[in-house]
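Q: One structure, pasted below without further comment.
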Amino acid sequence: MQTVVVEHPIVRSRLSVMRDETSSNAEFRAALRELSTLLVYEATRDLPLTELDITTPVGPTKGHTLANPPLIVPVLRAGLGMAEAAFNLLPESQMGFVGLARNEQTHDPEAYMASLPDSLAGRPVIVLDPMLATGGSLAHCCELLSTRGATTIVVVCALAAPEGVHRIEASGLVSSLFTASIDEGLNSNAYIVPGLGDAGDRQFGPR
Ligand code: URA
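Sequential numbering of the sequence shown, starting at 1, is according to the UniProt record's numbering.
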C-alpha cells in the first residue's frame, strides 16, 4: 500500500482549524471541505486519461477526459463532509454510500447501509472517511467493496493513527492512502491523539 501524507501549507492551516476545539461546526465543515479538495486532488493525480480530438476557437488540438472515473464512497456519517468536495472535482463520477455501526454484542463493525452498484469490477473506488483510527470499520468497508469486485481502492482521510494505517495495510485491499497527518496514536477510547475529537460531532453536532 502506498501511504501519502500530503504536505502543503494550506493543508496544514485547514487541519489546524479542524483540530482547534474553539472552531465552530461551520468553521470545521468549511475547513474539512477545503482540505478534502486538496487531498482528493492528490489522490487522483495518476488517474488514466483518454485522448480526444477537440477544436478550440482557433483550431484543432488534442484534449483529454478521464478514462474511468472512480466511484466516490463516503462512509457515513463523518465522510459526508468530504463528499461534496470530491464530487466537485469529479463531476463525471458516481457516488455510493456505506453506513457502518458497531454491533453492540460482538463490537464488530456492521454495515447498516450499502448503497452501491452490484458490481465494482474494473471500477476504481475512492473511499472518504475523515478519521482512520483503529481501521476496523474502514477495513470492513473495503471488504464490502472487495466482495463486489473492487480491486483498486484508494482511501482519503483527514487524519490517521499508525494503528489504523497498519490495519488497512494488513487487509491487503487498499492500493493507496492519502492523509493530511499520521498522528501519535490512539487513546483508551480509540480517539486519535492529538486528533480533533469526534469528526461527526464536530461537523453536525453531538448525537
Ligand atoms: N472517530 C473520530 O471521529 N475521531 C477519532 O478520534 C477517532 C474516530
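Note that CB positions come from ideal geometry on N, CA and C, so glycine has one too. Owing to the predicted nature of the structure, the values given are computational and were not obtained by experimental measurement.
1) Indicate whether the contact test is met: 3 or more Cβ pairs, each with one atom in the segment 113-132 and one in the segment 60-72, closer than 8 angstroms.
2) Using the rule of at least 16 other Cβ atoms within 10 Å of the residue's Cβ for burial, across every protein chain shown, is V58 buried or exposed?
3) Have a look at the DSSP bridge pairing and note the partners of H64.
4) In three-state DSSP terms, what is T106?
5) Please work out which residues of its chain come closer than 7 angstroms, Cβ to Cβ, to E92, disregarding the five sequence neighbours upstream and downstream, and give them in chain order.
6) Counting only runs of 4+ residues fully inside the segment 117-147, write out the alpha helix (DSSP H) ranges in chain order.
7) Within 10 angstroms of its Cβ, does S188 collect 16 or more other Cβ (buried), or is it exposed?
8) Can you tell me whether V5 is buried or exposed, with buried defined as 16 or more other CB within 10 angstroms of its CB?
9) Mind reading off the beta-carbon distance from P109 to S137? Whole number of angstroms is fine, and I expect it under 8 angstroms.
A: According to the structure shown:
1) The segment 113-132, when compared against the segment 60-72, does touch it at the 8 angstroms Cβ threshold.
2) Exposed, because fewer than 16 other Cβ atoms sit within 10 Å of the Cβ of V58.
3) In the DSSP output, where bridge partners are listed per residue, H64 has E51.
4) Secondary structure at T106: coil, using DSSP grouped into helix, strand and coil.
5) Once the five neighbours on either side are set aside, the close Cβ partners of E92 are L66 and P69.
6) Counting only runs of 4 or more, we get 136-147.
7) That one is exposed.
8) Under this definition V5 is an exposed residue.
9) Their Cβ separation, rounded to whole angstroms, is 4 angstroms, which keeps P109 and S137 in contact under 8 angstroms.
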